[in-house]
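Asker: Those letters in the sequence shown? Residues 30 to 415, per my numbering, in order. Glycine included, each C-beta is placed from N, C-alpha and C at the ideal position. Bear in mind the structure is a predicted one, so any value in this text is a computation, not a measurement. First, the structure itself, so that you have it in front of you.
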Amino acid sequence: MDTKKSFDMTRRQFVMSSAALLTAGALTHDAVASQGAAAARGPFRVIIDTDPGVDDALALLLAMRSPELKIEAITPVAGNVPLELTLPNALRLVEIAGRTDIPVAAGARAPLLRRLVTATYAHGENGLGGAVFPEPTTKPVSESASEYIRHIVRKYPHEVTLITLGPLTNIATALNSDPELAGMVRGLTMMGGSLSGGNITPAAEFNIYVDPEAARIVFQSGIPITMVGLDVTRKTSLTEEHVRVLEAAQNPASQAAAKIGRNAINHNRDRGFLVGPNMHDSLAVAAFLDPTILKWQDYYVDVEVAGELTAGETLGYSPVAGDLKRRPGMEKDLAASMTIRGSAPTLASTKTSPVVREKYVPNTKVGIDVDSSRFFELLIGRLAGK
Ligand SMILES: [Ca+2]
């Protein structure tokens, strides 16, 4: 698949799904003009892959209360807590939101090649920050998550966007099972990665750290990717005030979100953090609903899978960012000649640094800044709304 072509497609899709101006500098005048024609938005077919998870819970409730989304499936995966908990948590949330019409398909119990590392330190032993809800009575569908993802994408080619809120094991498994599948996916919006340091190690963000091999398969798949990483999700701290608004609203989703949010705030405080828990996953859903909440920049992103200290790090290459930045007008020439290079050769191996890509071709739109107050207006407004 031609990655350049597919990435251009992403840009158009972005514009089509956006109600107002994107702030990214890369947007062309034609693209901006075409937005007016895209006033009728959605519904967009999405599959939400998730490991609930405190912030997953609020993200799922937000998604299930957003009329722009036609949620074709929710596919839990092992991550924050094991699948034995992420699956029932997903079913609980579907029931709380009154959306048992949405199929839930059980996903992978473990990463592709590694032992599972969980994050109960952040999400509590039950994955919902210790907030307790009744056992779900709804059952998952008989197909596995990867089978179901394949089934839905093939049923609606070029229509389905994958919104991923956990490790990418289910998605990579689906892509591995069907070489044509990546070319049939409309796009993938992920919470994951970081171009500015990690949260589980100094290098790696948790979702990518848990299954870096799966993440690499996804980044190299040719699917147009939108990355909502720690660079922006660090700026989405839930506050007491947000929780009070949720508590005051009298709908089941809002009440559940308030209960989970309050437990998570208390848990964070007990652990000595100065700020509330970040709403990482909700920001990814919000970024799909309204891309204008964030600023975007095009990068070639790859994943470190070999590093002893850095496995799961996401590396972003751009001719217009960081130390590679050139004066305006030169970016285009530079992009054409920019090779993506691996580490320097060892004495025992090749004589030159391995070239990962001959020239710079972006594969990911990375969120580089966020309007946090607009994000919380959307999140809290939708959860608290009637
Ligand atoms: Ca998650």
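(1) Here's a check: name, in chain order, each residue in its chain whose Cβ is nearer than 7 Å to the Cβ of residue 39, leaving out the five neighbours to either side.
(2) Got a sec, what are the start and stop residues for the beta strand (DSSP E) residue 73 sits in?
(3) Taking the C-alpha atoms as reference points, what is the distance between residue 365 and residue 305?
(4) Hey, residue 311 and residue 259: beta-carbon distance below 8 Å or not?
(5) Would you report the Cα separation of residue 112 and residue 138, rounded to the nearest angstrom?
(6) Counting C-beta neighbours from all protein chains within 10 Å, is the total for residue 164 16 or more, i.e. buried, or is it exposed?
(7) Is the separation between the beta-carbon of residue 237 and that of residue 76 shorter than 8 Å?
(8) Any heavy atom of ligand 1 inside 7 Å of the beta-carbon of residue 118?
(9) Let me know if residue 201 comes out buried or exposed under the rule of 16 or more other beta-carbons within 10 Å of its beta-carbon.
(10) In angstroms, rounded to a whole number, what distance separates the CA positions of residue 221 and residue 344?
(11) DSSP three-state call for residue 83: helix, strand or coil?
(12) Do residue 313 and residue 158 count as a contact pair if the criterion is CB distance below 8 Å?
(13) Measuring alpha carbon to alpha carbon, tell me which of 103, 352 and 326 ends up nearest residue 399.
(14) Please find out if some non-hydrogen atom of ligand 1 comes closer than 7 Å to the beta-carbon of residue 259.
(15) Jot down the residue ranges of each uninterrupted alpha helix (DSSP H) in the region 123 to 183, minimum 4 residues, whole runs only, in chain order.
(16) For residue 266, which beta-bridge partners are listed by DSSP?
(17) Locate the beta strand (DSSP E) running through residue 190, then write down its first and last residues.
(18) From residue 170 to residue 125, what distance separates their C-alpha atoms?
(19) For residue 87, count the other beta carbons within 10 Å of its own beta carbon; 16 or more makes it buried, fewer makes it exposed. Which is it?
(20) Taking three-plus beta-carbon pairs below 8 Å as touching, is the region 371 to 391 in contact with the region 324 to 342?
(21) State the Cα-Cα distance for the pair residue 403 and residue 275, rounded to the nearest angstrom.
(22) Relative to the alpha-carbon of residue 101, which residue among 123, 362, 151 and 109 has its alpha-carbon at the smallest distance?
(23) Could you give the first and the last residue of the continuous beta strand (DSSP E) run that contains residue 331?
(24) Please classify residue 340: does DSSP put it in a helix, a strand, or coil?
(25) Hey, quick one: how far does the beta strand (DSSP E) through residue 361 stretch, first residue to last?
(26) Look up residue 395 in the DSSP assignment and say whether it is helix, strand or coil.
(27) Excluding five sequence neighbours on each side, which residues of the same chain lie with their C-beta closer than 7 Å to the C-beta of residue 264?
(28) Compute the Euclidean distance between the alpha carbons of residue 242 and residue 142, then round it to the nearest angstrom.
Answerer: The short version:
(1) Note that residue 39 has pLDDT 40, beneath the 50 cutoff, so the model's placement of it is unreliable and the number below is only indicative. Leaving aside the five residues that flank residue 39 on each side, the residues in its chain whose CB is nearer than 7 Å to its CB run, in chain order, 216, 253 and 394.
(2) Taken as a continuous stretch (DSSP letters only), the beta strand (DSSP E) holding residue 73 covers 73 to 79.
(3) Note on geometry: alpha-carbon atoms of residue 365 and residue 305 lie some 43 Å from one another.
(4) Not in contact: residue 311 and residue 259 (Cβ atoms no closer than 8 Å).
(5) In a straight line, the C-alpha of residue 112 is about 5 Å away from that of residue 138.
(6) By the 10 Å Cβ count, residue 164 comes out exposed.
(7) Taking 8 Å as the cut-off, the beta carbon of residue 237 is found no closer than this to the beta carbon of residue 76.
(8) False, no ligand heavy atom lies under 7 Å from that Cβ.
(9) That one is buried.
(10) Cα to Cα, residue 221 sits roughly 12 Å from residue 344.
(11) Residue 83 falls in the helix class under three-state DSSP.
(12) Their beta carbons are not under 8 Å apart, which means residue 158 does not touch residue 313 by this criterion.
(13) It is 326.
(14) In this structure, ligand 1 has no non-hydrogen atom nearer than 7 Å to the beta-carbon of residue 259.
(15) Considered as a whole, the region 123 to 183 harbours 149 to 152 as its complete alpha helix (DSSP H) runs of no fewer than 4 residues, in chain order.
(16) Answer is 307, bridged to residue 266.
(17) Per DSSP, the continuous beta strand (DSSP E) segment holding residue 190 begins and ends at 189 to 193.
(18) Going from the Cα of residue 170 to the Cα of residue 125 covers about 18 Å.
(19) With at least 16 other beta carbons inside 10 angstroms of its own, residue 87 counts as buried.
(20) The answer is yes - the region 324 to 342 touches the region 371 to 391, with three or more Cβ pairs under 8 Å.
(21) Going from the Cα of residue 403 to the Cα of residue 275 covers about 16 Å.
(22) Closest option to residue 101, judged by alpha-carbon separation, among 123, 362, 151 and 109: 123.
(23) Here the beta strand (DSSP E) through residue 331 covers 323 to 332.
(24) Look at residue 340 here: in three-state DSSP terms it is coil, with no helix or strand label.
(25) Note, residue 361: premise wrong, no beta strand (DSSP E); alpha helix (DSSP H) at 360 to 366.
(26) Strand at residue 395.
(27) Cβ contact annotation for residue 264 (same chain, cutoff 7 Å, sequence separation greater than five): 399 and 401, in chain order.
(28) So the alpha carbons of these two residues sit roughly 7 Å apart.
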